[in-house]
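Each residue of the sequence shown is one higher than the one before, counting from -8 in our numbering.
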Amino acid sequence: MSDWKPPAYGTPVWMGIPAHDVSRGRLLRILSRCHALNLTYTSLIASQFYDTVFKFSFKDESDKYPKEQIRMFDFNPSLGLTGGIQKAPDHTGNFYPGKGGVCVYWFVENVDSIAATIEKAGGKMLTEKEKEGEHGLFRFFEDTEGTVGAVYQIAGAC
């Protein structure tokens, strides 16, 4: 973390890809309507999918970030843009695997101060601030179209 330099405020700093189960694949059973085909296959675990398709390089597991909760990766370390396949938190109500999509975390000076700006612009805050390990704080919000995003601040700015 000592080599990391924060980007300008308003820069995307994290992309969260929601998953029900980060560490294992799911067994999917598909039956055709005419029951002529009965295919069973195991899907790739979420991290294998993104490694195969986009060549994401995943970081090793640590005590702070257990593999069953999150698998972190870097887009470009020099830009400070990282991401993770993370267990979808139930309490947001909108950030879930499937059509809920990817959640972009926007770097801000203070997650509480920006809340008023988000609400004045027609959005709404979905959560109170939450700790992200020892590095920072984040809050989920919903924009005017119902899309969920998050704001993120580094811990030193608390």
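Quick reminder that beta carbons are idealized off the backbone N, C-alpha and C, glycines included.
Is it a yes or a no for the stretch 95 to 104 touching the stretch 115 to 133, going by three-plus beta-carbon pairs under 8 Å?
yes
With GLU110 as the anchor, note down where its beta strand (DSSP E) starts and where it stops.
Looking at the DSSP string, GLU110 is not in any beta strand (DSSP E); the run it does join, the alpha helix (DSSP H), is 104 to 111.
Does DSSP put THR31 in a helix, in a strand, or in coil?
Any reading at THR31 is ruled out, since the residue's pLDDT is 23, under 50, leaving its predicted position unreliable.
Taking the CB atoms as reference points, tell me whether ARG130 and ALA141 lie closer together than 8 Å.
yes
How long is the line joining the alpha carbons of PRO9 and ARG62, rounded to whole angstroms?
If you take the alpha carbons of PRO9 and ARG62, they lie about 11 Å apart.
Around the Cβ of GLY74, are there at least 16 other Cβ atoms within 10 angstroms (buried) or fewer (exposed)?
buried
If I measure Cβ to Cβ from GLU110 and keep anything under 8 Å in the same chain, skipping five residues before and after, which residues do I get?
MET116
Find the nearest neighbour of GLY127 within the set GLY147, VAL139, ASP134, judged by alpha-carbon distance.
Relative to GLY127, the option among GLY147, VAL139, ASP134 whose CA is nearest is GLY147.
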